[in-house]
Amino acid sequence: MPDRLGAPLEAPIVGTLALIGVGLIGSSIAHVARRQNLAARIVATAQSEATRKRVKELGLADEVAPSPGEAVRDADLIILCAPVGANTGIAAEIGPHLQQGAIVSDVGSVKGAVIAAVAPHLPPGMHFVPAHPVAGTEQSGPDAGFATLFLHRWCILTPPEGTEAAAIDKVRAFWTGAGSNVEVMTASHHDLVLAITSHVPHLIAYNIVGTAADLEEVTQAEVIKFSAGGFRDFTRIAASDPTMWRDVFLHNRDAALEMLGRFNEDLAALQRMIRWGDGEGLFNLFTRTRAIRRSIIAEGQETAAPDFGRHAEDELD
Ligand code: NAP
Numbered sequence: 034m035p036d037r038l039g040a041p042l043e044a045p046i047v048g049t050l051a052l053i054g055v056g057l058i059g060s061s062i063a064h065v066a067r068r069q070n071l072a073a074r075i076v077a078t079a080q081s082e083a084t085r086k087r088v089k090e091l092g093l094a095d096e097v098a099p100s101p102g103e104a105v106r107d108a109d110l111i112i113l114c115a116p117v118g119a120n121t122g123i124a125a126e127i128g129p130h131l132q133q134g135a136i137v138s139d140v141g142s143v144k145g146a147v148i149a150a151v152a153p154h155l156p157p158g159m160h161f162v163p164a165h166p167v168a169g170t171e172q173s174g175p176d177a178g179f180a181t182l183f184l185h186r187w188c189i190l191t192p193p194e195g196t197e198a199a200a201i202d203k204v205r206a207f208w209t210g211a212g213s214n215v216e217v218m219t220a221s222h223h224d225l226v227l228a229i230t231s232h233v234p235h236l237i238a239y240n241i242v243g244t245a246a247d248l249e250e251v252t253q254a255e256v257i258k259f260s261a262g263g264f265r266d267f268t269r270i271a272a273s274d275p276t277m278w279r280d281v282f283l284h285n286r287d288a289a290l291e292m293l294g295r296f297n298e299d300l301a302a303l304q305r306m307i308r309w310g311d312g313e314g315l316f317n318l319f320t321r322t323r324a325i326r327r328s329i330i331a332e333g334q335e336t337a338a339p340d341f342g343r344h345a346e347d348e349l350d
C-alpha cells in the first residue's frame with residue numbers, strides 16, 4: 034500500500050471549511066486539506082488566544098477567527114475538532130450563525146453523545162454528518178498534526194436517520210480525499226465497537242501505568258529502567274490527552290461499562306488458569322490473540338516490522 038497521499042484534487046470538495054478546535058486532529062485536517070486541495074479556504078478557531086496565535090504562525094488557516102460563531106459564518110463544511118465535552122457549548126454558539134445548507138460534522142471518538150449534544154442546536158436546513166477518523170497519536174495541540182495522519186485509516190460516519198444522501202456523500206468525499214477508507218454505521222454500533230477497540234484499551238493502559246507508578250516495593254527508577262518488558266508500550270497510550278479521554282469515558286459510559294464487564298470476566302478466567310496451572314488454556318488463548326495481530330497487519334493497519342518498526346537491537350524483553 035503506498036504510504037503517500039496521491040495528487041491534489043483538481044477542484045476542491047468544499048468552498049470554505051471551518052475547523053472548530055485545532056489540536057492534533059484539527060491541525061492534521063488543515064494540513065491534508067491544504068495539501069490535497071480539499072477546501073478552497075480554511076477558517077479556524079480555538080479556545081485560547083495562545084492556540085489561535087500558534088495556528089496563525091503555523092499558517093494552518095487562511096483566516097483565524099476569534100470565536101466559533103465568527104468562524105462558521107461563510108462555511109460550507111464545519112468540522113468540530115474540540116474534545117467531546119465541549120460540543121454542546123460550541124453547537125449552541127454556532128447554530129445561529131450557520132449559513133443555509135451548511136454541513137456540520139465532527140471528529141469525536143464517541144458518537145451517540147455527540148449527536149445528542151449537537152443535533153438540537155442545528156436550525157432546520159442544516160445537515161449533520163457526524164464522523165470519527167480512527168487515527169491518532171498520543172500528541173496534542175496545533176503543532177502535533179501532519180497531513181498523512183488519516184492515510185489508509187478508517188473514518189466512520191454515523192449520520193442520523195433522514196440525513197440527506199448528498200451531505201453524506203460530501204463528507205465521504207472529504208475523508209476519501211484525506212486518504213481514509215470510509216464506513217457508515219449507526220452511532221450506537223460505533224460506540225460499542227470503539228469501546229472494545231479503543232476506549233477499554235486506553236483505560237487498561239491508564240490503569241497499568243497508574244498501578245506501576247503506585248507500587249511501593251518497585252522503585253520508579255526500576256519501572257523506567259526495565260520498561261521494555263512490555264510496560265513501555267502501555268505508557269505510549271497512557272500518555273494520551275487527559276481531557277480528551279476523560280470526555281470519552283464520561284460520554285460513552287454504557288458501552289465502556291459493558292465491555293469492561295466482559296473484560297473483567299475474561300481476566301478472572303485467566304487468573305484461574307494461572308492459579309490452577311492450566312498451561313493449555315493459556316497457550317490456546319495466546320495463540321488466538323497472535324492471529325488477531327496478524328490479521329491487523331494483513332489489513333494494512335499496522336507494520337509487520339518487529340517491535341513496531343523500532344530499531345530494537347539493544348532493547349530486549
Ligand atoms: P487536542 O489536541 O487537545 O485539541 C483540542 C482543540 O480543541 C484545541 O485547539 C482546543 O483549543 C480546542 N477547543 C477546546 N475547547 C474548545 C471550545 N470550547 N471552542 C473552541 N475550541 C475548543 O485534541 P485532539 O486530540 O485533536 O482531539 C480532538 C477531538 O478529536 C476529540 O473530540 C477526540 O475525541 C477526537 N479524536 C482524537 C483522536 C486522537 O488520537 N487524539 C483520534 C480520533 C478522534 P485550546 O488549545 O485553545 O484549548
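Be aware that the sequence shown starts at 34, since it is given in my numbering, and climbs by one per residue. Just so you know, even glycine gets a beta-carbon here, dropped at the ideal spot from N, CA and C.
Item                                                                                                                                                                        : Value
Can you check whether the CB of Gly-102 is closer than 8 Å to the CB of Glu-82?                                                                                             : no
Would you call the segment 263 to 280 and the segment 108 to 122 in contact, with 3 or more CB pairs under 8 Å?                                                             : yes
To test your reading of the DSSP string, which unbroken alpha helix (DSSP H) runs of 4 or more residues are found completely within the segment 118 to 164?                 : 120 to 127, 145 to 151
By the three-class DSSP mapping on this structure, what secondary structure does Leu-315 have?                                                                              : helix
In the structure shown, what three-state DSSP assignment does Leu-349 receive?                                                                                              : Annotation note: pLDDT 41 at Leu-349 (below 50); position unreliable, no value reported.
Determine the contact status of Ala-164 and Ala-228, defining contact as a CB-CB distance below 8 Å.                                                                        : no
Considering only their Cβ atoms, is the gap separating Gly-145 from Ser-221 smaller than 8 Å?                                                                               : yes
Given the structure, does Asp-176 come close to the ligand NAP, in the sense that its CB is under 7 Å from one of the ligand's heavy atoms?                                 : no
Can you give me the C-alpha to C-alpha distance between Glu-332 and Val-167, rounded to a whole angstrom?                                                                   : 14 Å
Hey, quick one: how far does the beta strand (DSSP E) through Ile-241 stretch, first residue to last?                                                                       : Taken as a continuous stretch (DSSP letters only), Ile-241 belongs to no beta strand (DSSP E), being part of the alpha helix (DSSP H) at 233 to 247.
Nearest by alpha-carbon distance to His-223: which of Glu-96, Ala-206, Asn-285, Asp-266 is it?                                                                              : Asn-285
Please state if the CB of Val-242 and the CB of Met-292 are separated by a distance shorter than 8 Å.                                                                       : no
Where are the alpha helix (DSSP H) runs, 4 residues long or more, that stay fully inside the segment 170 to 235, in chain order?                                            : 198 to 210, 220 to 227
Quick test of your reading: Leu-71 and Gly-210, contact by CB under 8 Å. State the CB separation rounded to the nearest angstrom.                                           : 5 Å
Quick one: what does DSSP say Ile-46 is sitting in, helix, strand or coil?                                                                                                  : coil
Work out the CA separation of Val-217 and Glu-202 for me, nearest whole Å.                                                                                                  : Note on residue identity: the sequence assigns Asp, not Glu, to residue 202. Taking the straight line joining both Cα atoms gives about 11 Å.
Return the chain-ordered list of same chain residues with a C-beta closer than 6 Å to the C-beta of Ile-330, the five sequence neighbours on each side being excluded.      : Ala-337
If we call anything under 8 Å between Cβ atoms a contact, is His-160 one with Ala-124?                                                                                      : no
Excluding the 5 residues preceding and the 5 following Gly-342 in the sequence, name in chain order all residues of the same chain whose CB lies nearer than 8 Å to its CB. : Thr-336
What do you reckon, are the CB atoms on Ala-94 and Ala-135 nearer than 8 Å?                                                                                                 : no
Out of Arg-186, Thr-196, Phe-183, Val-88, point me to the one whose CA is closest to Pro-157's CA.                                                                          : Thr-196
Does Ala-324 come out as helix, strand or coil in the three-state DSSP assignment?                                                                                          : helix
Using CA coordinates, which residue listed in Val-97, Ser-60, Ile-189, Glu-194 is at the minimum distance from Ala-206?                                                     : Ile-189
Any idea what DSSP makes of Glu-291, helix, strand or coil?                                                                                                                 : helix
Express the C-alpha separation of Ala-271 and Asp-299 in angstroms, rounding to a whole number.                                                                             : 22 Å
Assign Ile-283 to one of three DSSP states: helix, strand, or coil.                                                                                                         : For clarity, residue 283 is Leu in the given sequence; the question names Ile instead. Note: Leu-283 maps to helix in three-state DSSP.
Tell me the rounded alpha-carbon separation between Glu-171 and Gly-310.                                                                                                    : 38 Å
Which one or two residues does DSSP pair with Glu-96 in a beta bridge?                                                                                                      : Val-76
Would you mind giving the Cβ-Cβ distance between Leu-38 and Leu-182, rounded to the nearest angstrom? I have them listed as a contact below 8 Å.                            : Leu-38 to Leu-182, Cβ: 11 Å. No contact.
Tell whether a beta-carbon distance below 8 Å holds between Ser-14 and Gly-212.                                                                                             : No statement about residue 14 is possible, as the shown extent of the chain runs from 34 to 350 and does not include it.
Under a three-way DSSP split, which group does Leu-113 fall into?                                                                                                           : strand
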